[in-house]
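Beneath this line is the structure, given in structure tokens, with notes to follow.
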Amino acid sequence: MELITAIHELEQWRPIMEWNDHIKELPDELKESWDRILKARDIRLADRLELTQVEIREISELINNDVLPTEAFQRYGVKYAKSRAKRLGMEDVIDNYYKRVKSYYLIDVVTKEKHQFYRLQDVAKFLGRKDYRSLSQYIDRAAFIAKTNYKIYKYRTFKKRKRF
Numbered sequence: 016m017e018l019i020t021a022i023h024e025l026e027q028w029r030p031i032m033e034w035n036d037h038i039k040e041l042p043d044e045l046k047e048s049w050d051r052i053l054k055a056r057d058i059r060l061a062d063r064l065e066l067t068q069v070e071i072r073e074i075s076e077l078i079n080n081d082v083l084p085t086e087a088f089q090r091y092g093v094k095y096a097k098s099r100a101k102r103l104g105m106e107d108v109i110d111n112y113y114k115r116v117k118s119y120y121l122i123d124v125v126t127k128e129k130h131q132f133y134r135l136q137d138v139a140k141f142l143g144r145k146d147y148r149s150l151s152q153y154i155d156r157a158a159f160i161a162k163t164n165y166k167i168y169k170y171r172t173f174k175k176r177k178r179f
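The sequence shown begins at 16 in the working numbering and counts up one residue at a time.
Here it is in structure tokens:
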């Protein structure tokens, strides 16, 4: 049902100014028209922010390419807030971004094997160590972790380096 048809049917019943006041008296045959008008009244957040689905997709692509979320939103004239991103359906993109940029890469120099970890505790567990705090002295220094063939890097350093 089109919006114009719904409005016309409801105007036959009562003038527009009286609709909200007398909605409880609405005949059953006009309920579909009223539902159509309610859907039209419901303005989505993306429409209020004047962002199209294409722009939302482009913002997501920027974030997936490691552009800071505040900068990605700012390019489209919108202030970043995690709650706004959630309402736009971008919560998983934001969560993946922060998870990715806070990750650690463990490189085995002998086999060229790479392991990604999201916490230093997981790296220590992988290496069979009880304490993860000593690992911080090896991060981004291209130095071997004591008694291993591994080097550890943060995501940004790992991404910048071409060879290991």
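Glycine included, each C-beta is placed from N, C-alpha and C at the ideal position.
Within 8 Å, strictly: CB atoms of residue i and residue j
{"i": "residue 170", "j": "residue 108", "result": "no"}
{"i": "residue 118", "j": "residue 132", "result": "yes"}
{"i": "residue 53", "j": "residue 24", "result": "no"}
{"i": "residue 155", "j": "residue 172", "result": "yes"}
{"i": "residue 160", "j": "residue 112", "result": "no"}
Counted within 10 angstroms of its Cβ, other Cβ atoms place residue i as buried (16 or more) or exposed
{"i": "residue 51", "result": "buried"}
{"i": "residue 83", "result": "exposed"}
{"i": "residue 21", "result": "buried"}
{"i": "residue 5", "result": "Nothing can be reported for residue 5: it is not among the residues displayed for the chain, which extend from 16 to 179."}
{"i": "residue 69", "result": "exposed"}
Neighbourhood of residue i by C-beta distance below 6 Å, restricted to the same chain and skipping five residues each side
{"i": "residue 134", "result": "none"}
{"i": "residue 62", "result": "Because residue 62 sits at a pLDDT of 49, beneath the cut-off of 50, its placement in the model cannot be relied upon, and the following sentence gives the value as read from the coordinates. Closer than 6 Å at the Cβ level, and outside the excluded window around residue 62, lies no residue."}
{"i": "residue 130", "result": "121"}
Cβ neighbours of residue i in the same chain (closer than 8 Å, five flanking residues each side left out)
{"i": "residue 158", "result": "166"}
{"i": "residue 114", "result": "133"}
{"i": "residue 139", "result": "145, 146, 147 and 150"}
{"i": "residue 176", "result": "168"}
Counterpart residues of residue i in DSSP-defined beta bridges
{"i": "residue 130", "result": "121"}
{"i": "residue 167", "result": "121"}
Chain-order list of residues whose beta-carbon lies under 7 Å from that of residue i (same chain, five-residue window excluded)
{"i": "residue 29", "result": "37"}
{"i": "residue 41", "result": "49"}
{"i": "residue 106", "result": "100"}
{"i": "residue 94", "result": "88"}
{"i": "residue 136", "result": "147"}
Cutoff 8 Å: residue i Cβ touching any chain C Cβ
{"i": "residue 148", "result": "Although the question refers to chain C, the structure presented lacks it and comprises just one protein chain."}
Any contact of the segment 121–133 with the segment 153–169, i.e. 3+ C-beta pairs under 8 Å? Taking 8 Å as the limit for Cβ pairs, the verdict is that the segment 153–169 does touch the segment 121–133.
Say whether the segment 87–103 touches the segment 68–79, bearing in mind that this needs 3 or more beta-carbon pairs closer than 8 Å, one atom from each stretch. Segments in contact, yes.
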